[in-house]
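Engineer:
Residue numbers (our numbering): 178 to 347.
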């Protein structure tokens with residue numbers, strides 16, 4: 178039986194060398210900053226009722242279900258989105274290759290959330306509004322700048338994602 182398998186394992190890839198012209202320095206900083214800012218979602222997990230009281234139009238209506246979904250949302254941000262950003266921060270083959278996927282995924286999420294928040298803000302804090310106008314606008318202002326940055330990087334400056342070459346035979 179031959180030791181050469183037609184299948185490739187990610188653990189035995191050739192070594193890489195960063196392209197000095199496109200080292201991904203700026204995007205790595207952006208990934209790290211965003212990952213750290215995402216950790217600000219911990220209060221949604223630990224103190225959901227307090228966080229919801231700041232966002233909801235009728236804070237007295239916070240119940241076990243809304244507290245659970247706040248925790249669930251916070252868990253997604255901290256447990257799913259943040260590790261992707263931290264992984265993309267790494268200047269490894271897999272880290273560099275993950276950056277585009279992470280930015281597309283986060284951007285698509287923002288493309289869904291922002292219109293929902295705009296619709297909520299348009300309710301003007303009326304009886305059908307779940308969020309206060311201030312809460313909805315604040316959320317939009319937190320999501321819009323990163324979305325614009327992702328569009329800029331993905332479509333206008335993909336070179337910022339970094340580049341590498343394989344170093345074979347060493």
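Virtual Cβ for every residue (Gly too), placed ideally from N, Cα, C. What you are looking at is a predicted structure, and each value in this text was computed from that prediction instead of being measured.
1. Who are the Cβ neighbours of residue 138 in its own chain at under 6 Å, not counting the five residues just before and after it?
2. Skipping 5 residues on each side, what residues in its chain have a beta carbon closer than 7 Å to that of residue 295?
3. State the CB to CB distance for the pair residue 273 and residue 324, rounded to an integer number of angstroms; the pair is presumed to be in contact (CB under 8 Å).
4. Sorted by chain position, which residues of the same chain lie with C-beta nearer than 7 Å to residue 247's C-beta, five sequence neighbours on each side aside?
5. Taking its Cβ as the centre, do 16 or more other Cβ atoms sit within 10 Å of residue 204, making it buried, or is it exposed?
6. Could you compute how far the alpha carbon of residue 277 sits from the alpha carbon of residue 257?
7. Taking C-alpha atoms, which residue in 249, 242, 300, 232 lies nearest to residue 223?
8. Contact check, residue 259 vs residue 216 under 8 Å by CB: the rounded distance?
9. Check residue 267 in the structure and name its three-state DSSP category.
10. With distances taken between CB atoms, is the gap from residue 286 to residue 232 smaller than 7 Å?
11. Please state whether DSSP places residue 276 in a helix, a strand or coil.
12. Whose C-beta lies closer than 7 Å to the C-beta of residue 341 among residues of the same chain, with five residues either side of it excluded?
13. Could you please give the first and the last residue of the uninterrupted alpha helix (DSSP H) stretch that includes residue 232?
Structural biologist: Taking the structure as given:
1. Since the first residue of the chain shown is 178 and the last is 347, residue 138 is not available in this structure.
2. Along the chain shown, read from residue 1 onward, the residue named residue 295 stands at position 118. Counting only residues of its own chain and dropping the five nearest sequence neighbours on each side, residue 295 has a CB closer than 7 Å to the CB of 317.
3. For this step, residue 273 is matched to residue 96 along the chain shown. For this step, residue 324 is matched to residue 147 along the chain shown. That belief does not hold up - the Cβ atoms of residue 273 and residue 324 are roughly 22 Å apart, past 8 Å.
4. Taking the first residue of the chain shown as position 1, residue 247 is located at position 70. Correct list, in chain order: 221, 225, 228, 229.
5. By 1-based counting over the chain shown, the position of residue 204 is 27. So residue 204 counts as buried.
6. Your numbering for residue 277 matches position 100 in the chain shown. Your numbering for residue 257 matches position 80 in the chain shown. One C-alpha to the other measures close to 16 Å.
7. Looking up residue 223 in the chain shown gives position 46. Of the candidates 249, 242, 300, 232, the one whose C-alpha sits nearest the C-alpha of residue 223 is 249.
8. Within the chain shown, residue 259 is the residue found at index 82, counting from 1. Within the chain shown, residue 216 is the residue found at index 39, counting from 1. The pair is a contact, with the Cβ atoms about 7 Å apart (cut-off 8 Å).
9. Start at 1 with the first residue of the chain shown, and residue 267 comes out as number 90. In the three-state reduction of the DSSP assignment, residue 267 falls in the coil class.
10. Along the chain shown, one-based indexing puts residue 286 at 109. Along the chain shown, one-based indexing puts residue 232 at 55. The Cβ atoms of residue 286 and residue 232 do not sit closer than 7 Å to each other.
11. Position 99 of the chain shown holds residue 276. Secondary structure of residue 276 (DSSP, three-state): helix.
12. By 1-based counting over the chain shown, the position of residue 341 is 164. Cβ neighbours of residue 341 beyond the five flanking positions: 193, 194, 195, 196, 270, 273.
13. Translated into the one-based positions of the chain shown, residue 232 becomes position 55. Element bounds for residue 232: 225 to 232.
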